[in-house]
Structure formats: C-alpha cells, structure tokens
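Novice:
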Amino acid sequence: MGSRPSLSERAGRAYAAARFGHARLEATARLRQARWFGWRGQWRLRGLAWWAPPAWGVASSFLLSGRADLLARSPFADPGRVQRLESASRTRMADALEDMQHAYFHYPWLGAATIHLATRLGTWASRLTRAVLCLTLVLRIGDRPATQKRLAQVPVDGYDAFMAAWMAFTEASGLFRAGDVHIRPLVLSRADPPPPRLSRLGVPADLPDVLEDIDDLTYTATYGSLLKIVRVGDVEAPWRRPLRSALNRVTGRAPRWIVEIPGTDHLTMATTANPADPQANMLEILGHPSNQRRAVHLAILDAMTRAGVNPDNLSEQRVLLAGHSQGAMIAMALAGQDDVPYRIEAVVSAGGPIGRMPAPAGVGVLALRHLQDPIPLFGGIAGEVDPRIVVFERSLPPSESGVLYYAHAANTYAATARVALDYCAHVPDSAVARMIERIAPFFPQRTGLGVEPGRVFCYELYQDVVPAAPREKRKP
Amino acid sequence: MSTDEPHIASPVIRRAARATHRAVATLGRLADRGRAREVGRHSRGLHEGVLRDTLTTHQVVDRVDSTLTRRFGSTSRALVRAWVDSAAAGIDAAALAGLAVPGVATGEEARALQQAPLADITGHQWAGGNQDPGACEALASARTLLDALTKACWQAMRGQQAALEVVLVAAEVEAPWAVGLEALGEGAVWTPEALAERYGSSAK
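Protein sequence lines, in the order shown, are assigned to chains A and X. Taken in order, the first sequence gives residues 1 to 476; the numbers are from the numbering used here. Taken in order, the second sequence gives residues 1001 to 1204; the numbers are from the numbering used here.
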C-alpha cells in the first residue's frame, strides 16, 4: 500500500486529466478494488433511495393501467378519460425505465450492489439447499446415492448458485428449448428470407473499425446471429490468390484471422432461432459451452476450410478474437479451451462480463469497459477481472435518453477504442499501449504495394427450437 | 447442451416452475390488459415526432417518415426518409432520369462521398464518372440538400447519441432517379462521432 506510482502511471493520469477531464483510464486492479470496497459501505441506503422513484413509477403505471381497465368496464365510462389514463400509464412506465437507466448510469456502484445482492441471495439459497440435503442424508430419507449426487451438484459460490437456480427455473418452466446449432455462409443476393442489411462488409483497418463492424452485425441480425471473419493477407478474387500467396511467402507476412463476435441478440427468455440468447449467457457464466460458442468455433473452422487452409496447418493459423458483451465471453471461453486447433493469440473484450474467467496462458487480453456500463459487472462481483487482463476504462458523458443503451453500445466502445489508441500514442510505456502493440500486426499493414488486402467471410448462426416437453401428469 | 432429456428430472420442481412462470405471465398480461407491451414506445415516438417536425419545416420537403430503433448492444439508429419536391429543390429530375442510375454509387462509394467535405466533391464525382453536366449539377444539388437535412436531423437528435441514416426520395415517386437518390443514402449510416465531427457538437 502507498507505493509511489510509476512514471507511466503518473503520465497516464496527467494525460487523462488534460485530455478528458473527469475520465478514468487504465484502471488498475488496486483502484478497482478500492472503489468496490468504498461503494460496498454505502450501497444499502443509497441503493434504496435510487431504486425508490423508478419502482414507484412502475407501480403507479400498473395502478393507472388497472384503473383504466376498471373504468373501461363501466357502461358510463368516458372513452377520452380511459385513453388519457392509458396514455399516462405508458408515459409513467417509460419515465420509470428512463429513471432506472439514469440511476445505474450516474451511480455505477448501484450495478455492483445489485450483483452483490444476487450473490448474497445465491449464497443463502445454496446454504439452505445444502442443509436440507444434508439433513435428508442424516435422517436416511429417500435415495441416498441420488441425494449425495445432488449435494455435489449444488454450487457453493453464491453467484454461481444464483445463476444455476435461475437457469434451472427457466429450463424447468419450459422456456429454454435450444436444439442443434447450425451455420451457413451469408448470401446477400438471396431473396427469401431477406438478407440482413449489412453496411460494413470491408476489411477492418484497426480496432475501432472492428467494433463498428460488431455494432452493425448486432443491429442487422435478423433470423440468426451474424459473425464476420476476416482473413488479412488474402484476396477476394480467386485468380489473384496464388500471386498473393507467393507475395506473402516473399515478405514473410503470413495471413492471420480477425473474428468479430457480436453480443446478446435479445433478452427474451424463451428460446428463438438466434443462439446469442440469455441461455448462452448463463451457460458461459457457469463455464459450460453454449450453442453460440459451438457455432462460432464451427464457423471459424469452415472459413479456414474455405480459405484453403490445410487441416494439418490449423495450428499455425493466428487468430484475434474480438467480442462485444456475450461475444467477449465466447472469445475468452474459446481461448481457454485446450482442444481448439487454431492458435488464438489475443482477445479483445468490449463491455464483456468476463469477471470470472481466467486469462488463458499465452493469450493477451484487452478489456475495454465503461464505468457506467453495468453489463461487465455481470461477470461477477464488481466486475473484477484476472489481474493479467489489461483493462482500459472510460467514463462517459450522459446522453439524454436511453443512457444504458448508449453506455453498452458497440459503437460507443468503438469510440473508446479510439481514445485508447490516442492514449497509447501519448503514453507508450503503459500496459494498454503494449497490448495494443501486440494486436496491431493482425490488422492490414501498409506496404510498398499499398495496404494489405483481406478476405471477408460472413456467417449466420442459428439453432433449432425443440418442441416443448409434454407436461407431467399427476400420479393417480 | 443436449436437450433430448430434461435436466430437471423432478416432475415436482418442473410443475412448480411452470406454475410460477404461468402466474407471473398472467400478472403481466393483466397489467398489460392483453395488449402488446409498449414500453419505450412513448419516448421513441416523441423523438420520431421531433424529427418529422424538424424536417417538414423545410420548404422543399413534402413528407417525412422517421423510425428510431433501439437495440441493446448497438447504437440507436434513426432512419429518416424525406420525400422532396424536386422542382422546388432545384433538382432537374429530367437530367437525372437520363442518368445510368445503377452507376451512381454503391454503398461504400456513397458513404465515402457523403462523409467527404462538401467542397471536395464535384458533381462529376458524385455522378460516378458521368460526363453529363446537367446530371452532375442535379446530383450535386441533391447531395447538398441531403447534407442540409442530415445536419437538421443531427441538431434535433444531438443529445440522443443516435446514428443517422437519411434517405431522399422524390415526391413524384414515378421518377426513376428516386432509386438513385435512395442508393445514395443506403449504407451511409452516420455514427454519432462522425456527425459530431462534421457538424460540431457544442452549438445547437
């Protein structure tokens, strides 16, 4: 404690103060920890105070809606008044949701407090379940081996227990019904179903470009989730590929891959054809492979096959995975898998909840975060990450409405990546600068013959939705 | 994850979970009175109305359709389609009608042209290499109008941090250049940062 900050730390702070005023950059593990412990002491009262207005807004919206409903049943009701009540109810609900977003935006510790509350609930649920199971074992009630098996399956960790309970509930209620997952190359000329209106089909020039691509993939996703894979150092025209290959051999610059993985498509619990769903979030947080992870892996392998990579040379294929939100979790999980045949060298997480994921050995991880974005906190308590992960954090000015949408948008992270590049130019002796330098060779380089070309592969990832299981009948 | 067999083996738990879900869903339906939930539509409608009001004060604009889409994870996008009176805007529809419309611009070219400073663009470039001076002038006029309307939208929506896509459509829909002008707008999505850089972010 109390050690003198290094020269680069001081330079970073001076730069941040001069360039961005209130913005925090390069959050160190110590700063994040101190912030969390500072917040923890004050969450109870202030949390309630900031939850109260939006909660009252939601409740009063329901009350107004109910009043309109009752009034509409009366034969003497004034239709104009019913309509006014309904309109007031909708306005109240919209305002309450805006208030809630503003509360989370302006008081980021509220997000941490919410996660902490979920962890506490999970801890108590886990303790209670384990106590009941232990009691049945002691009293020799029921099937002993089955009870022992169940006891071993109950997570001890509070956050794991909360997520497992939520997942078990959703699955038991028949909402999660994901089947097999499939991939198909995207054909923009098709007529049925209409192709997504992607507006960014080019080769990304740098990290902000990658995140803008992801914003476009997220926005245009239609039937399934979209994935863009770029082979830098390759060309689209088949007749030029042998020439390019020869040139690559001469220059010693091997082709490399950039994979752009968008985040969660929807927050509806019921399974749809899009595998980037809440089920994938829960599975990844609990450390199990999701359909989206499988599909991303299959798409990368397919793109490598289409690019003519010899299956024996897969281990030589250098890959940069860039993911936003859930995509970052998928990227981290893939990088941590031992059985992946290609070589993942770096991962970029934009607002990803990767708090409970260890940094894979030999893989450089850069995490971009916004102080006001609560989603990275969902990775675990206060969004703490493995100290080996390099974090670049920025504080955002608020927008007028939809502040959390703004704070979590991939495009806002693209702006943060631009700030990171700017920061690195000014503070080259920093962890962020070293990480940016590490991923820079993945992007097209300027050579004597111009900027290196690239070949783009786009995929649609989709899953089957299995029929609902028949309801259990009561025993006679 | 295999879904051949349910993971929750106990029928009691499954029944309880389903019953709880049904109860919560019923409460939600009662609160919504069986209608589709309209959360957020109110504020979106307000912004869409602001955009419509802003553009319809422009004398050459006949009609405006605007849609603000919010999708969690990507930037909010406002798609604005303005039907313009080509004669009042000084756009020679006849000159444009003779133009090889598909050659006007692809999405990439349109974005490059739309984001370049106005002074750097000549009508010739805008027309995709077409040598007809009338067509070049008409396209340059359309481009100037598009720029003015995009700026107006940005000023109306500055605080929302939304990306903008502004498309001009000929009020006389039968005119073939409507397609060309729409092509100019297609794929030219302006991010909030690009808009702030071009039109400034301080003065309103």
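Where a beta carbon is used, it is the ideal one built from N, C-alpha and C, also for glycine.
Measuring CA to CA, which of R197(A), A52(A), L85(A) is closest to F62(A)?
Specialist: Within the first sequence, the letter at position 62 stands for residue 62(A). Per the Cα distances, L85(A).
Novice: Name the DSSP beta bridge partners of Y462(A), please?
Specialist: For this step, residue 462(A) is matched to residue 462 along the first sequence. BP columns for Y462(A) point to H182(A).
Novice: In angstroms with no decimal places, state the Cα-to-Cα distance between I222(A) and D1147(X).
Specialist: For this step, residue 222(A) is matched to residue 222 along the first sequence. For this step, residue 1147(X) is matched to residue 147 along the second sequence. Residue identity check: residue 222(A) is Thr in the sequence provided, not Ile. Approximately 30 Å, taken between the alpha carbons.
Novice: Look at the alpha carbon of L404(A) and the alpha carbon of Q148(A), and state the distance between them as a whole number of angstroms.
Specialist: As a position in the first sequence, residue 404(A) is number 404, starting the count at 1. As a position in the first sequence, residue 148(A) is number 148, starting the count at 1. Straight-line Cα distance between these residues: approximately 44 Å.
Novice: By Cβ distance below 6 Å, which residues in the same chain neighbour I436(A) in space, the five residues on each side in sequence not counted?
Specialist: Residue numbering aside, residue 436(A) sits at position 436 when the first sequence is read from its first letter. Cβ neighbours of I436(A) beyond the five flanking positions: C424.
Novice: Considering only the alpha carbon of each residue, which of F378(A), I389(A), Y219(A), A191(A) lies closest to D160(A)?
Specialist: Against the first sequence, residue 160(A) aligns to sequence position 160. For the residues F378(A), I389(A), Y219(A), A191(A), the minimum Cα distance to D160(A) belongs to F378(A).
Novice: Please name the residue, chosen from P75(A), A172(A), V347(A), A237(A), that lies closest to E260(A) on a Cα-to-Cα basis.
Specialist: Sequence index remark: in the first sequence, residue 260(A) carries index 260 (1-based). Nearest option by C-alpha distance: V347(A).
Novice: To the nearest angstrom, how far is the alpha carbon of Q372(A) from that of A299(A)?
Specialist: Reading the first sequence from its first residue, position 372 is the one you call residue 372(A). Reading the first sequence from its first residue, position 299 is the one you call residue 299(A). Spanning the two alpha carbons is a distance of roughly 33 Å.
Novice: Which residues in the same chain have their Cβ closer than 7 Å to the Cβ of N281(A), if we skip the five residues on either side of it in sequence?
Specialist: Your numbering for residue 281(A) matches position 281 in the first sequence. Closer than 7 Å at Cβ, skipping near neighbours: T264, Q326.
Novice: Looking at P75(A): is its Cβ nearer than 8 Å to the Cβ of V181(A)?
Specialist: Numbered from 1 along the first sequence, position 75 holds the residue referred to as residue 75(A). Numbered from 1 along the first sequence, position 181 holds the residue referred to as residue 181(A). Against a cut-off of 8 Å, the Cβ pair of V181(A) and P75(A) comes out as no contact.
Novice: At least one CB of chain A closer than 8 Å to the CB of A1156(X): is that the case?
Specialist: In the second sequence, counting from the first residue as 1, residue 1156(X) sits at position 156. No - not a single Cβ of chain A is within 8 Å of the one on A1156(X).
Novice: Buried or exposed, going by whether 16 or more other CB atoms sit within 10 Å of the CB of I330(A)?
Specialist: Position 330 of the first sequence holds residue 330(A). The residue in question, I330(A), is buried, as its Cβ has 16 or more Cβ neighbours within 10 Å.
Novice: DSSP has G450(A) in a bridge; who is on the other side?
Specialist: Locating residue 450(A) in the first sequence gives position 450, counting from the first residue. DSSP lists T447(A) as partners of G450(A).
Novice: So, does the CB of E1193(X) fall closer than 8 Å to a CB anywhere in chain A?
Specialist: Within the second sequence, numbered from 1, the residue matching residue 1193(X) stands at position 193. Answer yes: the Cβ-Cβ gap between E1193(X) and chain A drops below 8 Å somewhere.
Novice: Straight-line CA distance for L71(A) to R1070(X)?
Specialist: Along the first sequence, one-based indexing puts residue 71(A) at 71. Along the second sequence, one-based indexing puts residue 1070(X) at 70. Taking the straight line from one Cα to the other gives about 33 Å.
Novice: Going along the chain, which residues of its own chain have a beta-carbon closer than 7 Å to the beta-carbon of D1062(X), five neighbours each way excluded?
Specialist: Numbered from 1 along the second sequence, position 62 holds the residue referred to as residue 1062(X). Excluding residues within five positions, the ones whose Cβ falls inside 7 Å are W1083, V1084, D1085, A1171.
Novice: With A174(A) and R1015(X) assumed to form a contact (beta carbons below 8 Å), what rounded beta-carbon distance in angstroms separates them?
Specialist: Numbered from its first residue, the first sequence carries residue 174(A) at position 174. Numbered from its first residue, the second sequence carries residue 1015(X) at position 15. Correcting the residue type first, residue 174(A) is Gly in the shown sequence and not Ala. Not quite, the Cβ-Cβ distance comes to about 11 Å (not below 8 Å), so this is no contact.
Novice: At 7 Å on the CB atoms, spell out the chain A contacts of I1013(X), in chain order.
Specialist: Position 13 of the second sequence holds residue 1013(X). What I1013(X) touches in chain A: A172.
Novice: Taking the straight line between their C-alpha atoms, what separation do you get for P398(A) and L135(A)?
Specialist: For this step, residue 398(A) is matched to residue 398 along the first sequence. For this step, residue 135(A) is matched to residue 135 along the first sequence. Going by the C-alpha atoms only, they are around 52 Å apart.
Novice: Could you please tell me which residues of the stretch 1052-1074 of chain X, in chain order, have their CB closer than 9 Å to any CB of chain A?
Specialist: The stretch 1052-1074 of chain X vs chain A, Cβ under 9 Å: T1069, R1070, R1071, F1072, G1073, S1074.
Novice: Report the CB separation of Y413(A) from A350(A) in whole angstroms; it is logged as a contact under 8 Å.
Specialist: Reading the first sequence from its first residue, position 413 is the one you call residue 413(A). Reading the first sequence from its first residue, position 350 is the one you call residue 350(A). Indeed, because the Cβ distance is near 4 Å, the residues count as touching under 8 Å.
Novice: So what's S199(A) in DSSP terms, helix, strand or just coil?
Specialist: Mapped onto the first sequence, residue 199(A) falls at position 199. Reduced to three states, the DSSP call for S199(A) is coil.
Novice: Could you give the C-beta distance for Y219(A) and S1074(X), rounded to a whole number, given that I count them as a contact under 8 Å?
Specialist: For the purposes of this step, residue 219(A) is taken as residue 219 along the first sequence, with counting starting at 1. For the purposes of this step, residue 1074(X) is taken as residue 74 along the second sequence, with counting starting at 1. So it is a contact: roughly 4 Å between Cβ atoms.
Novice: For chain X, is any of its Cβ atoms less than 8 Å away from the one on F378(A)?
Specialist: Along the first sequence, read from residue 1 onward, the residue named residue 378(A) stands at position 378. So no, F378(A) is outside the interface.
Novice: Residues in the same chain with beta-carbon distance under 7 Å from E493(A), minus the five sequence neighbours each way, listed in chain order, please.
Specialist: Nothing about residue 493(A) can be reported from this structure: the residues present for chain A run from 1 to 476 only.
Novice: Look up D209(A) in the DSSP assignment and say whether it is helix, strand or coil.
Specialist: The count along the first sequence starts at 1 and reaches residue 209(A) at position 209. It is helical.
Novice: Check each residue of the stretch 1072-1091 of chain X: if its Cβ is closer than 9 Å to any Cβ of chain A, include it; give the result in chain order.
Specialist: So the close ones are F1072, G1073, S1074, T1075, S1076, R1077.
Novice: Within 8 Å of any Cβ in chain A, is that where the Cβ of R1198(X) sits?
Specialist: Here the question's residue 1198(X) lines up with position 198 in the second sequence. Closer than 8 Å: no.
Novice: Here's the rule I'm using: 16 or more other beta-carbon atoms within 10 Å means buried, otherwise exposed. How should Q1059(X) be labelled?
Specialist: Along the second sequence, one-based indexing puts residue 1059(X) at 59. Counting Cβ neighbours within 10 Å, Q1059(X) comes out exposed, since fewer than 16 surround it.
Novice: Using 8 Å as the limit for Cβ to Cβ distance, is A1023(X) near chain A?
Specialist: Locating residue 1023(X) in the second sequence gives position 23, where the first residue counts as 1. By this cut-off, A1023(X) is not an interface position.
Novice: Assuming I214(A) contacts H324(A) (C-beta within less than 8 Å), just tell me the rounded distance between them.
Specialist: On the first sequence, residue 214(A) is found 214 positions in, with the first residue counted as 1. On the first sequence, residue 324(A) is found 324 positions in, with the first residue counted as 1. About 5 Å separates the two Cβ atoms, so the contact holds.
Novice: Buried or exposed for L1195(X), please, with buried defined as at least 16 other CB atoms from any protein chain shown within 10 angstroms of its CB.
Specialist: Your numbering for residue 1195(X) matches position 195 in the second sequence. Counting Cβ neighbours within 10 Å, L1195(X) comes out buried, since at least 16 surround it.
Novice: Please list the terminal residues of the continuous beta strand (DSSP E) segment that includes F392(A).
Specialist: As a first step, residue 392(A) must be located in the first sequence, where it is residue number 392. Element bounds for F392(A): 390-394.
Novice: Just tell me which of V1064(X), G1090(X), R1052(X), Q1160(X) has its CA closest to the CA of R1143(X).
Specialist: As a first step, residue 1143(X) is located in the second sequence; it is residue number 143 there, counting from the start. If we check each option's Cα against that of R1143(X), G1090(X) comes out closest.
Novice: Looking at the strands, I want to know which residues DSSP matches up with E98(A).
Specialist: Translated into positions along the first sequence, residue 98(A) becomes position 98. E98(A) is not bridged to any residue.
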